[in-house]
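Residue numbers (the working numbering), protein chains in the order written: chain A, 5 to 310; chain V, 196 to 490.
If you want it as structure tokens, here you go:
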């Protein structure tokens, strides 16, 4: 009985992507074991037997090497930290997590999850470091329309409670919020400076408080002969818990939301915890005072009117 | 939309003659734009750009602004897979083409996914009649969705499945003729396959319907043990230049592309390779034979 195209493709897929397939090319006997476990016609088994093992192995090598190479670029610090363990870690992920997409950035997120499920005792912060690196790759490739400003009045911020009730903040939507157990920004600075982490024992301990980092993409104008060519950078901005909550509520708001709409629930939460001497006007004015820094960093793009 | 009954030669005659091109790669991007006078056109890998924003998107518009014609050469269409065509992929490709405005597009005569699991590489088809029926049907579905011609590329392969039902040349020819699509002829792949599987590359070329060739790929390869591997990461070998020089007079080509995807050398070396391709192309133009002379 001749083999079908479906049987051929299913067999090659398993040969390339499964642990059983990975071990099947160690020897002729191993290939026989792999083939014996498959319900495929003898004609197809015979065709596999005819192939030199090193040639079948070329396909195994290529599909895995492509993932390793892509991850090398997305996770340079994680890779550097793991050293010799990097390749085996990526391969352990590769053989247990078939890709549902051709986009490498999207394949890399399950790898971050894999590191969370399979932690390294020596690097308890590794999952958060990988997440920190992945978020940059994700943001740099987000579709452009998500960052387009919806305001006709750019760079305007409210300075009074009255204005806060009328103006709607416009967010740079190419953003994400990381709430980290470890001070990953400090760790990243050490790793980028090629510091040995064992010389900085505090850096690898959990932070006393959660570390909130706003991660966002910034579109920058070119200069000189490249004046018309933009480039993009991923920026990180550390936030206090209050501002992190405020920005995250803005990010997740599905309808136009004024500055006041965002600020009042935060005040009410504080009021219930005992800051009796704080009025809403004072609270709101203080919060509005922090916004110019967000505007300067292009986290906020300005305001629109309701 | 191109149908199976359209005259492919009439369609081909309407396509522009693009000259000598280079693959648009992010790490070569600035050098590429500055070398406009040495590079006639650019080829993009659409998966690097479609559905994406930021620089990946802007690169296309900026290259167009610099006057580069752009051609799209995909790696994840998986036309040979028993999976159905990916509607999301098709729509993203159509959106990208609104910006890139390619005169034609291409992908490989391979499969790169099965059961919606993606391999991130190109796996060869078995040379069987069932595979032909399957690929032809999918190419026809694809061509019905686009207004520009689709080309299929002859793939490199290290294992040959399906023989002796069909030879590689018979397989490719059947797909081209029945699907009524063009051929993206990869000269390096012909050389790699001829070496790895022990046949004469020129004799192989003569078995193909060369009037369907629209574009050529030329690339480098790597020797690994008793195999040579199609890496796109090395300089073009002299033997491949020689095969190109032999092949060009046999066909009417609308574009020749230097395909370099990794292990990038100083940009001047790539420009040198482009110059050599141009010289071979110009020399061939003076001695082009007719299909009858080839036969």
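For each residue, glycine too, the CB sits at the ideal point set by N, CA and C. If you're wondering where the values come from, they're calculated on a predicted model, not measured in any experiment.
- Rounded to the nearest whole angstrom, the C-alpha separation of residue 82(A) and residue 450(V) is 42 Å.
- Note that the C-beta distance between residue 242(V) and residue 218(V) is not below 7 Å.
- Residue contact with chain V for residue 67(A): present (Cβ-Cβ distance below 7 Å to some residue of chain V).
- C-alpha of residue 268(A) to C-alpha of residue 303(A): approximately 21 Å in a straight line.
- When C-beta atoms of the region 210-224 of chain A are compared with those of the region 232-252 of chain A, three or more pairs fall below 8 Å, so the two segments count as touching.
- As DSSP reads the structure, residue 236(V) sits in a beta bridge with 216(V).
- Contact residues of the region 107-119 of chain A toward chain V are 107, 108, 109 and 111 (C-beta to C-beta distance below 9 Å).
- Residue-level contact check: residue 19(A) does not touch chain V, since none of the beta carbons of chain V fall below 7 Å from its beta carbon.
- For the region 25-46 of chain A, no residue has a beta-carbon sitting nearer than 7 Å to a beta-carbon of chain V.
- Distance from residue 349(V) to residue 385(V) at the Cβ level is roughly 7 Å; contact confirmed, criterion being Cβ atoms closer than 8 Å.
- Here residue 379(V) carries a strand assignment [DSSP, helix/strand/coil].
- The residue from 71(A), 104(A) and 42(A) with its alpha-carbon nearest to that of residue 90(A) is 71(A).
- For residue 346(V) against residue 378(V), the beta-carbon gap comes to about 6 Å, under 8 Å, which counts as contact.
- Under the DSSP assignment, residue 269(V) falls outside any alpha helix (DSSP H); it carries neither an H nor an E label.
- Residues of chain A whose Cβ lies closer than 9 Å to the Cβ of residue 250(V) are, in chain order, 144, 145, 234, 235 and 236.
- In the DSSP annotation of this structure, the continuous segment of the alpha helix (DSSP H) that includes residue 260(V) starts and ends at 249-260.
- Among the bridge pairs identified by DSSP, residue 174(A) is matched with 306(A).
- Between residue 52(A) and residue 38(A), the alpha-carbon positions lie close to 11 Å from each other.
- In the structure shown, the three-state DSSP call for residue 138(A) is helix.
- Across the structure, residue 335(V) and residue 199(V) are spaced so that their CA atoms are roughly 7 Å apart.
- With respect to chain A, the C-beta atom of residue 348(V) has no partner C-beta closer than 7 Å.
- The criterion of a C-beta distance shorter than 7 Å is not satisfied by residue 274(V) and residue 207(V).
- Neighbours of residue 276(A) across chain V, judged by C-beta separation under 9 Å, do not exist; the nearest C-beta is about 41 Å away.
- With contacts defined by Cβ atoms closer than 7 Å, residue 268(V) and residue 301(V) form a contacting pair.
- Chain order gives the chain V residues near residue 16(A) as 309 and 318, where near means a beta carbon separation below 8 Å.
- In this structure the region 31-45 of chain A touches the region 8-21 of chain A; the number of beta carbon pairs closer than 8 Å is three or more.
- When Cβ-Cβ separations below 7 Å define contact, residue 290(V) makes no contact with chain A.
- Residues are counted here when their Cβ sits less than 9 Å from a Cβ of chain V; for the region 86-105 of chain A these are 102, 103, 104 and 105, given in chain order.
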